[in-house]
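Asks:
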Amino acid sequence: MASEARHVIQREAVPAWVAALMAEAMVIGPRRGSAGDAELAPLTAVEELDLGYTHDLLPPTRYLLPPSEVLFRFQDGDGVRLEPQYDDRRRIFFGIRSCDVKGIRYQEQFFQRDFPDIYFLTRRANASLVSLACPAPPLPTCFCTCCDGGPTLQSGEGYDIQLTPLAGRYLAEVDSETGERLVSKAPELFQEARAADLSERDRILAGVEQRFSTTAYLARGIAKLTNDAVPAALWEELAERCIRCGGCTYLCPLCTCFTVCDRRRNGQGERFRRWDHCLLSGFTREASGHNPRAEKAQQFKRRFFHKLSYQYLEREGRPGCVGCGRCLTTCMMGVDMAAVLMRLRDAGRRPKWGPAWAAKPKTSP
119 MASEARHVIQ REAVPAWVAA LMAEAMVIGP RRGSAGDAEL APLTAVEELD
169 LGYTHDLLPP TRYLLPPSEV LFRFQDGDGV RLEPQYDDRR RIFFGIRSCD
219 VKGIRYQEQF FQRDFPDIYF LTRRANASLV SLACPAPPLP TCFCTCCDGG
269 PTLQSGEGYD IQLTPLAGRY LAEVDSETGE RLVSKAPELF QEARAADLSE
319 RDRILAGVEQ RFSTTAYLAR GIAKLTNDAV PAALWEELAE RCIRCGGCTY
369 LCPLCTCFTV CDRRRNGQGE RFRRWDHCLL SGFTREASGH NPRAEKAQQF
419 KRRFFHKLSY QYLEREGRPG CVGCGRCLTT CMMGVDMAAV LMRLRDAGRR
469 PKWGPAWAAK PKTSP
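In my numbering, the protein residues as written are 119 to 483.
#1: Would you verify that the beta carbon of Val132 is, or is not, closer than 7 Å to some beta carbon of chain D?
#2: From this set, Pro177, Ser152, Phe418, Val188, which residue's C-alpha is nearest Gln354's C-alpha?
#3: By the three-class DSSP mapping on this structure, what secondary structure does Asp464 have?
#4: To the nearest angstrom, how far is it from the Cα of Val132 to the Cα of Thr333?
#5: Along the chain, which unbroken stretches of the beta strand (DSSP E) at least 3 residues long are found entirely within the stretch 183 to 267?
#6: If I'm right that Leu343 touches Ser427 with Cβ under 8 Å, what's the distance once you round it to whole angstroms?
#7: Thinking just about the alpha-carbon of each residue, which of Ala251, Ser331, Ile210 is nearest to the one in Met108?
#8: Just the C-alpha distance for Gly364 and Arg129, rounded to the nearest angstrom, thanks.
#9: Figure out for me which residue from Arg299, Leu289, Val219, Leu182 has the closest Cα to the Cα of Cys262.
#10: Could you round the C-beta distance between Cys252 and Gly268 to whole angstroms and report it? I think they count as a contact, below 8 Å.
#11: May I ask you to report which of helix, strand or coil DSSP gives Gly387?
#12: Enumerate in chain order the residues of its own chain whose CB-to-CB distance from Gly297 is below 6 Å, with the five nearest sequence positions on each side excluded.
#13: Determine the burial state of Asp168: buried for a count of at least 16 other Cβ atoms within 10 Å of its Cβ, exposed for fewer.
#14: Cα separation between Leu316 and Tyr171?
#15: To the nearest angstrom, report how far apart Ala304 and Leu271 are at their CA atoms.
#16: In this structure, does DSSP put His395 in helix, strand or coil?
#17: So, under 8 Å CB-CB, Leu462 and Gly339 are touching, yes? Tell me the CB distance rounded to an integer number of Å.
#18: Under the three-state reduction of DSSP, which class applies to Gly147: helix, strand or coil?
#19: At the level of alpha carbons, what is the spacing between Arg329 and Cys439?
#20: Would the stretch 407 to 425 and the stretch 226 to 238 be scored as touching if the rule is three or more Cβ pairs under 8 Å?
#21: Mapping the DSSP letters down to three states, classify Leu281 as helix, strand or coil.
#22: Are the beta-carbon atoms belonging to Arg312 and Leu289 less than 7 Å from one another?
#23: Can you tell which of Pro234, Glu226, Leu459 has the C-alpha that lies nearest to the C-alpha of Leu356?
#24: Quick one, which of Phe212, Ile214, Leu189, Cys370 has its alpha-carbon nearest Pro202's?
#25: Going by C-alpha distance, which of Asp196, Cys370, Val378, Tyr224 is nearest Glu434?
#26: Determine the burial state of Ala245: buried for a count of at least 16 other Cβ atoms within 10 Å of its Cβ, exposed for fewer.
#27: Identify the residues that DSSP records as bridge partners of Ala131: which are they?
#28: List the whole-angstrom C-beta distance separating Pro256 from Arg215, where the pair is believed to meet the contact cut-off of C-beta under 8 Å.
#29: Could you give the residue range of the beta strand (DSSP E) that holds Leu307?
#30: Mark Met451 as exposed unless 16 or more other C-beta atoms lie within 10 angstroms of its C-beta, in which case mark it buried.
#31: Could you tell me how far apart the beta carbons of Thr259 and Gly221 are, in whole angstroms, since I believe they sit closer than 8 Å?
#32: Going straight from the alpha carbon of Val248 to that of Glu187, what length do you get?
#33: With DSSP run on the structure shown, which of helix, strand or coil describes Ala474?
#34: Should Ile361 be labelled buried (16 or more other beta-carbon atoms within 10 Å of its own) or exposed?
#35: If you drop the 5 nearest sequence neighbours on each side, which residues of the same chain put their C-beta closer than 8 Å to that of Lys478?
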């Protein structure tokens, strides 16, 4: 890794930098969608870029692990022929939040740990990450401070460049050779950061953790799940509320579950994979028809066990949550990550349903 470098770029110069990046790669950045909501999508013009956004409801990991993708095409007959389908297009994620960088880093480690996934890793090897630090909570549902997901990143945590908003400019912290190459596309737009720029960054970010209103009792949840100290009746109660819509998994930047299917016609076909959902009744059904987790409560418990138990924390290197708050936004039934963690902490007390972010913050145990 190259030594960390710090530059400053004026806000009005950012479009020219992005234009230079778009000349060599697909730039995926925040832009306003047709309904006026922000979305991370390939930019077709620099004017579309909107760095004043909160964050996209859909995680940027969908560009590295698509909802559906063809793995290979095949043809049988006199002999089977396979045609792998690799996507090696150059991508630059521009202005993604710290929690989403952590999500990409989590998936990167997951997909290369035991059985390297060439499809994901090919996309990741051709992707650069320009992150945008959060000097304030983007949304009231954010709780990254509880999960080591942000609001800023340290050197070595996955970004190539981290942008921090200052008055009329951005501090650009470069943390890789890839980041240096991105700066080199328009070097005339950058100046070396001064001590005053670093002091302004520290002043802007001072106390940002105290501005987050949503609390997720992660440590208590990890301890209870690891020690099997959650009453079975509580899992039954929580699972009863879940309608298995899939929002919490499909919107999570750390979820990695998929299923593999074949399509065949006239001697030709393709094998593809698509996102799967661990709360679906058939997710763990075996070829014999036996389902080791046939009960809804078992499936619900398994999701949170995978996210929070120390067994997986030790293997993955972090909890399976970055506090982006997407599950809070999508869950209609109040069984999102923050709400469930509060119930685990308060096991035995009367449930208080509703969005966790709407409740008054409680004192940590």
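The C-beta atom is built at its ideal place from N, Cα and C for all residues, glycine as well.
Replies: A quick look at the data gives this:
#1: Going by chain labels, chain D is absent from the structure shown, which holds only one protein chain.
#2: As written in the sequence, residue 354 is Glu, which differs from the Gln given in the question. Checked all of Pro177, Ser152, Phe418, Val188; the closest Cα to Glu354 is Phe418.
#3: coil
#4: 35 Å
#5: 186 to 193, 199 to 202, 209 to 215, 245 to 250
#6: 5 Å
#7: A question about residue 108 goes unanswered here, because the residues of the chain that appear run from 119 up to 483.
#8: 39 Å
#9: Val219
#10: 6 Å
#11: strand
#12: Asp278, Ile279
#13: exposed
#14: 24 Å
#15: 24 Å
#16: coil
#17: 5 Å
#18: strand
#19: 20 Å
#20: no
#21: strand
#22: no
#23: Leu459
#24: Leu189
#25: Tyr224
#26: buried
#27: Paired residue(s): none; Ala131 is not in a bridge.
#28: 7 Å
#29: Here Leu307 belongs to no beta strand (DSSP E), and DSSP marks it neither H nor E.
#30: exposed
#31: That belief does not hold up - the Cβ atoms of Thr259 and Gly221 are roughly 16 Å apart, past 8 Å.
#32: 25 Å
#33: Its pLDDT being 49, under 50, Ala474 is placed unreliably by the model, and nothing is read from it.
#34: exposed
#35: Unreliable positioning characterises Lys478 in this predicted model, as indicated by a pLDDT of 43, which lies under 50. A coordinate reading is not provided.
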